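Colleague: Sequential numbering from 0 applies to the sequence shown in numbering that gives the first Met the number 0.
Using N, Cα and C, we set each Cβ at its ideal position, and we do this for glycine too.
Everything numeric in this text was worked out from a predicted model, so none of it was measured.
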Amino acid sequence: MLEKETKERWENYRKANTDKPLVRENELKDVFKLVSPKSGERILEVGTGNGYLTFPIAQAVGENGNILTADVVDDNLQSIAKHNKGLPVDTFLFNDKDLFSSIESERFDAVVSIATLHHFDSKKDDTGENGRTRALKDFYRVLKSGGRLVFADVASNTISQKYFNAIDNPEHCYPEGHPHDFFSVSRLETVLKGVGFRNIKIEIKKVPWRFKSLEEAQNFIHTIHNAKCSIQESFSTAKEYLGFNKVGDHYELGWELLFVIAYK
């Protein structure tokens, strides 16, 4: 993939989430509540994005704590560093080869991630479950005894998974489409147990994205996926698979994620 195309993809991802911070509030609140960061804790965040979880967690752990936010995209980490206002945030750039091998074992009280785990595998590269399993093993290793893993991600056979399959092309998600696979609840539980996690709780929840208007929804979907088709076509696909309805004073686009908490 060309560097220019990669930069554009992630610039638009950050832009969509930063310009419209309330759109994904449902899922962000649920992840934050599940991880329940406490003063003085050290937390690893995997998948920085625009910092939508990074900064709230950093505020919660306070000056005696720390959050290490990790991403495969350096521009995401540079954006965090640029916008940080004195919060206890460090950044970590990882790659597909080394992942988190340079991070010492038993360092963190919690590992947290949102909509990122599926990115560790690619259908184009035929990696199967290898990338995700390897990442989960690293998460387990860097957690302290009794530490918790908390994440939300797309589950197979949900409306979110069917939507991602529908936009797995460069017109709807430029430049590579969305060539990722997703765990079922039962398979994820099996993999987590195999890694060594215990007291595993997994729940699929509806966490609709919220919009003030149809126009806001159209622009958000087109921007977050860096789509090259028209705004109307981009949103038509989202509406077909996810549903779009007026609820009280706002609009909702259907979204489903699985939420996980497991302990070392």
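Which same chain residues end up closer than 6 Å to residue 17 when comparing Cβ atoms and leaving out the 5 residues on each side of it in sequence?
Modeller: Excluding positions up to five away in sequence, the list reads 49.
Colleague: Which first and last residues belong to the alpha helix (DSSP H) in which residue 100 is found?
Modeller: Segment: none, residue 100 is in no alpha helix (DSSP H) and carries neither H nor E.
Colleague: Which residue comes first and which comes last in the beta strand (DSSP E) that contains residue 157?
Modeller: It is not in any beta strand (DSSP E) - residue 157 carries neither H nor E in the DSSP assignment.
Colleague: If distances are taken between C-alpha atoms only, which option among 210, 123, 164, 36 comes closest to residue 62?
Modeller: Residue 36 is the option with its Cα nearest to residue 62.
Colleague: Note down, one range per segment and in chain order, each alpha helix (DSSP H) of at least 4 residues found wholly within the segment 186-246.
Modeller: Counting whole runs of 4 or more residues, the segment 186-246 contains the alpha helix (DSSP H) stretches 213-223, 230-241.
Colleague: In whole angstroms, give me the CA-to-CA distance for residue 89 and residue 64.
Modeller: Distance between the alpha carbons of residue 89 and residue 64 is about 11 Å.
Colleague: Distance check for residue 160 and residue 243, CA to CA, integer angstroms please.
Modeller: Taking the straight line joining both Cα atoms gives about 16 Å.
Colleague: Got a sec, what are the start and stop residues for the beta strand (DSSP E) residue 277 sits in?
Modeller: Only positions 0 to 263 of the chain appear in this structure, which leaves residue 277 out of reach.
Colleague: Taking residue 251 as part of the beta strand (DSSP E), name the residues at either end of that continuous run.
Modeller: That run of the beta strand (DSSP E) goes 249-252.
Colleague: Kindly indicate which three-state DSSP category residue 91 falls into: helix, strand or coil?
Modeller: It is a strand residue.
Colleague: Taking the CB atoms as reference points, tell me whether residue 236 and residue 162 lie closer together than 9 Å.
Modeller: Cβ distance < 9 Å, so residue 236 and residue 162 count as in contact.
Colleague: Just reading off the alpha helix (DSSP H) that residue 150 is part of, what are its end residues?
Modeller: Note, residue 150: premise wrong, no alpha helix (DSSP H); beta strand (DSSP E) at 142-152.
Colleague: Given residue 67, which residues of its chain have a CB within under 6 Å of its CB, disregarding the five upstream and five downstream residues?
Modeller: Taken in chain order, the residues that qualify are 43, 89, 91.
Colleague: What residue ranges within the segment 6-54 form continuous alpha helix (DSSP H) runs of no fewer than 4 residues, ordered along the chain?
Modeller: Those alpha helix (DSSP H) runs which fall completely within the segment 6-54 and span 4+ residues are 24-34.
Colleague: Does the beta-carbon of residue 47 have 16 or more other beta-carbons within 10 angstroms, so that it is buried, or is it exposed?
Modeller: So residue 47 counts as buried.
Colleague: State the DSSP-derived secondary structure class of residue 67, mapped to helix, strand or coil.
Modeller: Residue state, collapsed to three classes: strand.
Colleague: Straight-line CA distance for residue 150 to residue 260?
Modeller: Rounded to the nearest angstrom, the two C-alpha atoms are 7 Å apart.
Colleague: Secondary structure at residue 73, three-state DSSP: helix, strand or coil?
Modeller: Looking at residue 73 - three-state DSSP - the assignment turns out to be helix.
Colleague: Could you round the C-beta distance between residue 154 and residue 183 to whole angstroms and report it? I think they count as a contact, below 8 Å.
Modeller: About 7 Å separates the two Cβ atoms, so the contact holds.
Colleague: Going by DSSP in three states, residue 181 sits in which element: helix, strand or coil?
Modeller: Note: residue 181 maps to coil in three-state DSSP.
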